[in-house]
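J.: If you read the sequence shown in this note's numbering, its first letter stands for residue 31, the second for the next number, and so on. Here it is: the structure, laid out below.
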Amino acid sequence: MRQLVRYEWKKIWGSRLNQLTVLGCCMFLLFCVYSVIAQTHAADEKGNSVYGMEAVKILKEMPTVPVTQENAERLMQEYLDCTEDPAMNSDKAETNFLNEEVYKTLYRRNREFFSLLTANYQGSSRELNIKEVFQKSMGKDFYKSRSAQLAIELDGFVKTGMILDSQKDYWIKKDEQVRDLKLGSFQFWKDMIDSAGWIMLIMPLICVGIAPMFAGEYQTGAASMLLTMRYGKSRLARAKILTAILYATTVYWGIVLTYAGIYLMIFGPQGGTIPIQAYDTANFISYSLTMWQAVLLVAFLHYGAVLCMTAVTLLLSAVFKNSYGVIIVDFLLVLIPSFLYESSGGYVWKHVLALVPSKISEFRFTDYLAYNIPGRVIGLPAALAVTDAICIVGFILASGYAFKRHQVNK
């Protein structure tokens, strides 16, 4: 078995097309990493926007601020005091009723905290401006208000058919675990989550590498004439499947760990214990996760999607007699779902579409999709894990059977 795997491994990496595809993809992803770093922005002490490495330096020095009732009311009161001071206020709504200088030093320097407070006390409604929200919310308990606004949001999701009543209760219980929020610097972890969408490039790359795994043998006849005679049909099929999984694993984690290492050297690891709610302060997130836990979850969910597409490619390769046909179908399977939108269908459409492997690039912690299974409700991550596991096993078994059956017919 080891000799067969080594032989198949060398055959994959010996392909000139595969070498050029991997090289081109890696170079493009390195450019993407550079662009992410160059576009990193922050506000300096005067509230002015800075970019690139200067912004990185500021972000590294940003303190971690616990979101307590005391800190929330202190910031709201400071803002309201400024809006009442003729030397600091203005009548411009675009600067939140502050003059330019105070807007930069107070609001822009604390933008995420202000965003969190506004969303917490008003939800997705934008009927009131920030000044009116704070005037109305002074003295209200921060976390109780969060729970109340989330319940309103979930009621809206139930009315639009996005979730069911039982799923609403599921999310409310999960959100009860969200406490002790913090804000601060977590740029490394943020960029790791943002860069997960690059899987749309990694998936086709892997498909190109393993498309000839079975189809190539049909063209050359090598499997039937030589390898099968020596090792047997079943062992050859298992070796090919194992090699394909190793290749997909190596390429995926190799790329992910490479850009993770670059981000880590530039931004540093700080912020790993900050709750995921800091990632998007303008919307509710009901996952009780820290940044490092969220990054691991995203990385493994995307890995599951990669293995699922690997299994699909193996089945196509076992059915098709030409590797180019496999590549074309794979590209269509990856690209077509990106043009399908949840808003174009109802409850079933949304929930089925979210489980398509290439749609993993659109996974968001702010989504509230959930699935009913006998006796319980599970969130989208658990549903993705179960679906991917079933598809991986099913498609791999089917690909091995199709390949062996083809040889028998020969």
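Virtual Cβ for every residue (Gly too), placed ideally from N, Cα, C.
Taking C-alpha atoms, which residue in 415, 154, 129, 382 lies nearest to residue 331?
T.: 415
J.: Apart from the five residues on each side of it in sequence, which residues of its chain come closer than 7 Å, Cβ to Cβ, to residue 200?
T.: 400, 407
J.: By a C-beta neighbour count over all protein chains shown, 10 Å radius and 16 as the cutoff for buried, is residue 197 buried or exposed?
T.: Counting every other CB atom within 10 Å of its CB across the protein chains shown gives residue 197 a total of 16 or more, marking it as buried.
J.: Tell me whether residue 46 sits in a helix, a strand or coil according to DSSP, three-state version.
T.: helix
J.: If you check the beta carbons only, do residue 215 and residue 301 fall under 8 Å apart?
T.: yes
J.: Could you tell me the alpha carbon to alpha carbon distance between residue 253 and residue 424, rounded to whole angstroms?
T.: Its pLDDT being 47, under 50, residue 253 is placed unreliably by the model, and the measurement read from it follows with that caveat. Approximately 23 Å, taken between the alpha carbons.
J.: To which residues does DSSP link residue 320 through a beta bridge?
T.: 305
J.: Taking C-alpha atoms, which residue in 334, 292, 130 lies nearest to residue 391?
T.: Taking the Cα of residue 391 as reference, the smallest distance to any Cα among 334, 292, 130 is reached at 334.
J.: Does DSSP classify residue 232 as helix, strand or coil?
T.: helix
J.: Roughly how far, in whole angstroms, is the beta-carbon of residue 236 from the beta-carbon of residue 339, given that I think they are within contact range, below 8 Å?
T.: 7 Å
J.: On the premise that residue 220 lies in contact with residue 96, defined as a C-beta separation below 8 Å, what is that separation, rounded to the nearest angstrom?
T.: Contact flag wrong, Cβ pair sits at about 19 Å.
J.: Looking only at C-alpha atoms, which of 94, 122, 126, 58 sits nearest to residue 109?
T.: 126
J.: With 16 other CB atoms within 10 Å as the buried threshold, where does residue 20 fall?
T.: In the structure as shown, the chain starts at 31 and stops at 440, and residue 20 therefore has no counterpart that could be examined.
J.: The beta strand (DSSP E) spanning residue 72 covers which residue range?
T.: 71-73
J.: I'd like the span of the alpha helix (DSSP H) that includes residue 150, first residue to last.
T.: 141-152
J.: Taking just the CA atoms, how far does residue 277 sit from residue 341?
T.: One C-alpha to the other measures close to 12 Å.
J.: Should residue 353 and residue 233 be called a contact, given that it needs their Cβ atoms to be closer than 8 Å?
T.: no
J.: So residue 138 packs on residue 226, CB below 8 Å; how close in whole Å?
T.: Wrong, their Cβ atoms sit about 28 Å apart, outside the cutoff.
J.: In this structure, does DSSP put residue 170 in helix, strand or coil?
T.: coil
J.: Using the three-state DSSP reduction, which class does residue 384 fall into: helix, strand or coil?
T.: Residue state, collapsed to three classes: coil.
J.: If you draw a straight line from the C-alpha of residue 177 to the C-alpha of residue 116, how long is it?
T.: 36 Å
J.: Can you name the start and end residues of the beta strand (DSSP E) that residue 400 belongs to?
T.: Its beta strand (DSSP E) spans residues 400-403.
J.: Quick check: the Cα distance between residue 157 and residue 326, rounded to an integer number of angstroms?
T.: 37 Å
J.: Can you tell which of 99, 94, 44, 64 has the C-alpha that lies nearest to the C-alpha of residue 82?
T.: 64
J.: To which residues of the same chain is residue 274 closer than 7 Å at the C-beta, ignoring the five residues directly before and after it?
T.: 240, 243, 340, 344
J.: Quick one: using the 10 Å Cβ neighbour count with 16 as the cut-off for buried, is residue 371 buried or exposed?
T.: Label assigned to residue 371: exposed.
J.: Can you find the residues in the same chain that come closer than 6 Å, C-beta to C-beta, to residue 133, ignoring five residues on each side of it along the sequence?
T.: 125
J.: List in chain order: all unbroken alpha helix (DSSP H) runs of 4+ residues lying wholly within the segment 324-369.
T.: 353-365
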